[in-house]
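Under our numbering, the first residue of the sequence shown is numbered 1303, with each subsequent residue one higher.
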Amino acid sequence: MPHDRPVPAPAERPRALVVGGSLAGLLAATTLGAAGWKADVFERSPQPLESRGGGLVLQPDVLEAFRFAGIPPDPFLGVTSDDRIYLDAHDRVISRSFMPQTQTSWNKLYGTMRSALPENSLHAGERLVSFKQSGDGVTALFASGRIESGDILVGADGAMSTLRTQLQPASQPRYAGYVAWRGLVPERMLGADAAAKLAGTFAFQQGRDHLLLEYRIPGEDGSVEPGRRRWNWVWFRKVSEGPDLTRLLTDRLGAAHRFSLPPGEVAAGPMREMRQAAVEHLAPSFSELVLATEEPFIQAIIDLAVPRMVTGRAILIGDAAFVPRPHTAGGAAKAAADAVTLARALQGGARELPERLARWETDRLAAGAAMCKWGISIGDRIMGLA
Ligand SMILES: Cc1cc2nc3c(=O)[nH]c(=O)nc-3n(C[C@H](O)[C@H](O)[C@H](O)COP(=O)(O)OP(=O)(O)OC[C@H]3O[C@@H](n4cnc5c(N)ncnc54)[C@H](O)[C@@H]3O)c2cc1C
């Protein structure tokens, strides 16, 4: 059992309002629930988020959060790989090292936590617009006109966090100088030669100013059976800030997006150019993978680090507080560690909140800053930006 302090009776449970129903929000709600809190999640998207996102390296912090939350271990949470290999532009393996790890998918983690949430605790289509706090509690106001009160407000609302913008308007993400093209391909769509080369590996190709990586993840239905999994790839490419980035992030209907484009939205010109570049620069196995992708999507790589995670009863976690570069493979793990340490700090109720939150904040600020610094050094080096 995770509890080392008494769990309050249901009627006395303190209430956490969690804003954002993606990974950090569900991690916070499930772990706070296990620590004796009543946690309600408010997610702005009216549709289920199930089909969003790509692959993730499964890190121990996520499994620790699941254990704490009492989420039963799923033996099929991910797909394992043994070797890390590097290919050159002619498909030759130029380096191989034994580094076993497990890869999962955003939707697998999401679905696992979603089914562990108490009924009626996830409120979809609720966008936070502002909040107030006093010495006794917090009040959150949503775009629908809904008003909710609780003991704490947890901002798990991502890199463009509304809560953070209200608390710390000067803390905003900064474009890092490159983007990640990403794609998912059903396992059977890749030819036999390429599949044989990539199977069971975490594979990379480092080129001048670009890096592609690939690994297998569970299928869209969560299956890890051979033949039903997916190839997941990420291709980091330099794009200058200004007209080039604006053009890339303008969708097929002409609407400009700030930092990402979801599957199905990339405009014809950038798509054609990316495919052409794949043929010219990538190892044949990788270009085959990229060309087999029906709906690639784009995420601009950004840096964000806040000076504070706690302001009274308002708390920032996950990407709302720190966005590490994806080379750390640590964003979800950091969100999990934020959540489980917060739940531990707040076990047993809302007593002595300022002291307990201050101790939690000191540790998590240091962890977030260190992960971001490490990610910037790796990313700038591999992209030739250092
Ligand atoms: C290319 C790439 C690869 C990555 N690979 C890995 C990896 O291998 N391993 C890993 O651990 N991490 C990885 N990450 C990072 C990881 O995906 C994130 O760090 C993690 O998902 C935590 O996100 P989050 O829940 O904090 O934010 P988000 O996923 O951005 O969720 C924020 C949520 O808040 C909602 N929201 C926003 N504003 C409001 C509002 N006002 N009111 C209500 N709801 C709101 C949004 O709709 C959204 O659902 C990767 C990231 C990238 C870009």
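Where a beta carbon is used, it is the ideal one built from N, C-alpha and C, also for glycine.
*What's the gap between the Cα of T1643 and the Cα of G1620?*
12 Å
*Is it buried or exposed for K1636, if we count other Cβ within 10 angstroms and need 16 for buried?*
buried
*Quick one, are the C-beta atoms of L1563 and L1551 less than 8 Å apart?*
yes
_I'd like the span of the beta strand (DSSP E) that includes A1602, first residue to last._
1599 to 1607
_Rounded distance between the beta-carbons of G1323 and V1343, thought under 8 Å_ = 5 Å
*P1374 burial status per 10 Å Cβ neighbour count (16 or more: buried)*: exposed
_Whole angstroms are fine: how far does the CA of F1368 sit from the CA of L1443?_
30 Å
*Is DSSP giving D1306 helix, strand or coil here?*
At D1306 the pLDDT is 49, less than 50, meaning the model places this residue with poor confidence and gives no usable figure here.
*Can you give me the Cβ contacts of D1306 inside the same chain, cut-off strictly under 8 Å, excluding the 5 residues immediately before and after it?*
Residue placement at D1306 is flagged as unreliable, the pLDDT there being 49, under the threshold of 50; the coordinate-derived value follows with that caveat. Around D1306: Q1649.
*Run the CB neighbour count on V1581, radius 10 Å, all protein chains shown included, and call it buried at 16 or more, exposed below.*
exposed
*Beta carbon of T1414, beta carbon of G1380: below 8 Å?*
no
*The alpha helix (DSSP H) spanning N1409 covers which residue range?*
1408 to 1416
*asked:* Quick check on the burial criterion: 16 or more other C-beta atoms within 10 angstroms. Buried or exposed for N1422?
replied: exposed
*For P1348 versus G1427, is the C-beta spacing smaller than 8 Å?*
yes
*Residues of its chain near G1777, where Cβ-Cβ distance is below 7 Å and the 5 sequence neighbours each way are ignored*: With the chain represented from 1303 up to 1688, any question about residue 1777 goes unanswered, as that position is not in the structure.
*Classify H1392 as helix, strand or coil using the three-state DSSP reduction.*
coil
_For L1469, report the span of its alpha helix (DSSP H) as first-last._
1464 to 1469
*Cutoff 6 Å; reference D1682; Cβ partners in own chain excluding five residues on either side*: Same-chain partners within the cutoff: A1688.
_Three or more C-beta pairs below 8 Å linking the stretch 1324 to 1335 and the stretch 1462 to 1477_ = no
*Per DSSP, which residues does N1534 bridge with? Please list them.*
N1534 is bridged to L1486, Y1517.
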